[in-house]
Structures are given as C-alpha cells and as structure tokens.
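Single-structure report; data block below.
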Amino acid sequence: MTAIVICGGAPVVVASPSAGVAPTSRAAGVWDLLARCESGGNWAANTGNGYYGGLQFNPRTWAAHGGNRFSRYPHRASREQQIAIAESLRSARSGFGAWPGCARRLGLPR
Numbered sequence: 006m007t008a009i010v011i012c013g014g015a016p017v018v019v020a021s022p023s024a025g026v027a028p029t030s031r032a033a034g035v036w037d038l039l040a041r042c043e044s045g046g047n048w049a050a051n052t053g054n055g056y057y058g059g060l061q062f063n064p065r066t067w068a069a070h071g072g073n074r075f076s077r078y079p080h081r082a083s084r085e086q087q088i089a090i091a092e093s094l095r096s097a098r099s100g101f102g103a104w105p106g107c108a109r110r111l112g113l114p115r
C-alpha cells in the first residue's frame, strides 16, 4: 500500500514495505520527520517517560507489532528496525494515529 502525504508543504510517497525490508528513502523521510517531532530525532531516546526510541513506542505496542524480535526495548533497536515496526503499526491503524500530536503538526493522515 502506498499513500501520498504532505510534509512541510511537499508531497511525499509513503510505502509500506514488508517486514524486515528496509523502508524506501521517501518513506524513511516521513519517519525521520516524525522522529524529529517525537524525540528530537534521537533513535536511542530513553528519557524515563515510558516511551522509547525515535518514534516513542511504549513496550506493549512495540511487542504487539513484533518489535521484540529485534530488541526488548525500542531504543535498543536500529532506526531501520524501529521504522519496520512503525510501518506495521501504521498499517494496522490505517494511518499515523499512534502519534496524534506529531501527525497533526506534520499533516499526516490519522
């Protein structure tokens, strides 16, 4: 599945790669924008707030979408692994609703 979203006034194609496959560079660009909003772009973020990694996953959501195959905690997984799990979550929820504040700020479909 692909979609075109507007980020910073520019259209960006968002593709849903299969699990374990590196995301396309354009899709990765959207995730980098979202990570910048969620964690300042720190893919190893662990601030003690109960959310981890660049995309600020909670451990239950991370595990439910297969993240534990990479690492028990999202902040210990690579950027690419975090994006793979985020793609699964986005696909399951038909949008970026798991990141409501940043999705709204970035104009991403929720």
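Following our numbering, the numbering of the sequence shown begins with 6 at its first residue and continues without gaps.
Glycine residues also receive a C-beta, built at the ideal position from the N, C-alpha and C atoms.
Query, Result
"Beta carbon of residue 91 nearer than 7 Å to that of residue 36", "yes"
"Boundaries of the alpha helix (DSSP H) in which residue 61 is found, first to last residue", "From DSSP, residue 61 is part of no alpha helix (DSSP H); its letter is neither H nor E."
"Where residue 58 falls, given that 16 or more other Cβ within 10 Å makes a residue buried", "buried"
"CA-to-CA distance, residue 53 to residue 45, given in whole angstroms", "15 Å"
"Cα-Cα separation, residue 82 to residue 62", "11 Å"
"Straight-line gap, residue 43 to residue 108 (C-alpha atoms, nearest Å)", "10 Å"
"Residue 71 versus residue 85: straight-line alpha-carbon distance, rounded", "14 Å"
"Cα-Cα separation, residue 113 to residue 106", "10 Å"
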